[in-house]
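A.B. asks: Next up is a structure, given as structure tokens.
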Amino acid sequence: MRIHLKHLAPEPVSTPLISSSGVWGEELNLELGQTVQVVAKSGKGKSTLLHIIYGLRSDYEGICKIGEIEAPSYSMNQWLDLRANKLSLLFQDLRLFRNLSARENLELLPRIDPESPGFEVMCERLEITHLLDRKVATLSLGQCQRFALVRCLRKPFRWLLLDEPFSHLDEVIAREAADLIQESVQAKEAGLIFTSLQPEGPISGGTMLYL
-4 MRIHLKHLAP EPVSTPLISS SGVWGEELNL ELGQTVQVVA KSGKGKSTLL
46 HIIYGLRSDY EGICKIGEIE APSYSMNQWL DLRANKLSLL FQDLRLFRNL
96 SARENLELLP RIDPESPGFE VMCERLEITH LLDRKVATLS LGQCQRFALV
146 RCLRKPFRWL LLDEPFSHLD EVIAREAADL IQESVQAKEA GLIFTSLQPE
196 GPISGGTMLY L
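Taking the working numbering, the leading residue of the sequence shown gets -4, the next gets one more, and so forth.
Now the structure itself:
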């Protein structure tokens, strides 16, 4: 399931930003099995790019094709199926239900990949098992980010989209999270697109694009 981007120009990104970008206004073919790091300062459209691919934004010019179909041509039911089975997105604002426990948030997924490790295993690796029954509202940003990542990795997906996945993690936990991400992507023979403020980070290799 290739992702094809051609002459993409979202609103309200300015013309100077588009002209200096390695993504906006370009033609890109992103293939399954590929790791793509999108690097940019705040405000240059990293979240916008992921939201376009995930079908949450349609305010753009150009082409975004998921598989063989252009994004605007998908019906709502087709988008629901894509998001349940083919695309998994870690939002920058995490989007956990604050009045529920972390465990309840992890159990709310419409579909769970039976081949993925159990959430207890992933939580143990990220050192958050002892927090499973605490309400999200009582957790730190770093703890919430780890639970949100586990939720993303539990889903079936062909593309994993991560918006600044290490922004609230210390170096040790970030390395463990990176290992978990790469193991999950490789096991599913999936593609990975993640955003960051800096090129340096716990995931190396792959294709680096500057917005």
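All residues carry an ideal CB built from backbone N, CA and C; glycine is no exception.
#1: Hey, quick one: how far does the alpha helix (DSSP H) through Asn80 stretch, first residue to last?
#2: Counting Cβ pairs, one atom from each stretch, are 3 or more of them under 8 Å apart for the stretch 46 to 60 and the stretch 119 to 131?
#3: By Cβ distance, which residues of its chain are closer than 6 Å to Trp74, with the 5 residues on each side in sequence left out?
#4: From the DSSP output, read off the bridge partner residues of Leu204.
#5: Is there contact here, the stretch 10 to 19 with the stretch 29 to 47, by at least three beta-carbon pairs under 8 Å?
#6: Would you say Pro197 and Met203 are within 9 Å of each other, going by their C-beta atoms?
#7: Just to confirm the assignment, what range does the alpha helix (DSSP H) spanning Asn100 have?
#8: Please list, in chain order, all residues of the same chain as Asp158 whose beta carbon is under 8 Å from its beta carbon, the five residues on each side excluded.
#9: Considering only residues of the stretch 145 to 189, which uninterrupted beta strand (DSSP E) runs meet the minimum length of 3 residues and lie entirely inside it, listed in chain order?
#10: Locate the beta strand (DSSP E) running through Leu3, then write down its first and last residues.
#11: Quick one: grab the DSSP three-state call for Glu115.
#12: Just verifying my parser: in three-state terms, what is the DSSP assignment at Gly137?
#13: Below 8 Å on the Cβ atoms is my guess for Gly137 versus Leu164; work out the distance and round it to an integer in Å.
#14: Since I believe Leu156 is in contact with Ile47 (beta carbons under 8 Å), could you give me their beta-carbon distance rounded to a whole number of angstroms?
#15: Would Glu211 pass as a contact of Leu3 if the rule is Cβ separation under 9 Å?
#16: If you measure from the beta carbon of Arg120 to each beta carbon in chain C, is any gap under 9 Å?
#17: Whose CA, out of Met117, Leu127 and Ile61, lies closest to the CA of Gln177?
C.D. replies: Checking against the coordinates, here is how it stands:
#1: Numbered from 1 along the sequence shown, position 85 holds the residue referred to as residue 80. Counting along the chain, the unbroken alpha helix (DSSP H) around Asn80 starts and ends at Met71 to Asn80.
#2: no
#3: Within the sequence shown, numbered from 1, the residue matching residue 74 stands at position 79. Cβ within range, chain order: Gly50.
#4: Your numbering for residue 204 matches position 209 in the sequence shown. DSSP output for Leu204 lists Val33 as bridge partner(s).
#5: yes
#6: As a first step, residue 197 must be located in the sequence shown, where it is residue number 202. As a first step, residue 203 must be located in the sequence shown, where it is residue number 208. No, the Cβ-Cβ distance between Pro197 and Met203 is not below 9 Å.
#7: One-based indexing of the sequence shown puts residue 100 at position 105. Its alpha helix (DSSP H) spans residues Ala97 to Leu101.
#8: Counting from 1 along the sequence shown, the entry for residue 158 is found at position 163. Excluding residues within five positions, the ones whose Cβ falls inside 8 Å are Lys41, Ser42, Leu45, Leu84, Leu85, Phe86, Gln87, Phe189 and Thr190.
#9: Within the stretch 145 to 189, the complete beta strand (DSSP E) segments at least 3 residues long are 154 to 157, listed from N- to C-terminus.
#10: The sequence position of residue 3 within the sequence shown is 8, counting from 1. Its beta strand (DSSP E) spans residues Ile(-2) to Pro5.
#11: In the sequence shown, residue 115 corresponds to position 120, counting from 1. If DSSP states are grouped into helix, strand and coil, Glu115 belongs with the helices.
#12: Taking the first residue of the sequence shown as 1, we reach residue 137 at position 142. Three-state result, Gly137: helix.
#13: In the sequence shown, residue 137 corresponds to position 142, counting from 1. In the sequence shown, residue 164 corresponds to position 169, counting from 1. Confirmed, Cβ separation roughly 6 Å.
#14: To locate residue 47, count along the sequence shown from 1; it is residue 52. To locate residue 156, count along the sequence shown from 1; it is residue 161. Going by Cβ atoms, the distance from Ile47 to Leu156 rounds to 10 Å, so no, they are not a contact pair.
#15: Any property of residue 211 remains undetermined from this structure, which presents the chain solely from -4 to 206.
#16: Note that chain C does not occur in the displayed structure, where there is just one protein chain.
#17: As a working mapping, residue 177 is identified with position 182 in the sequence shown. Answer by Cα proximity: Met117.
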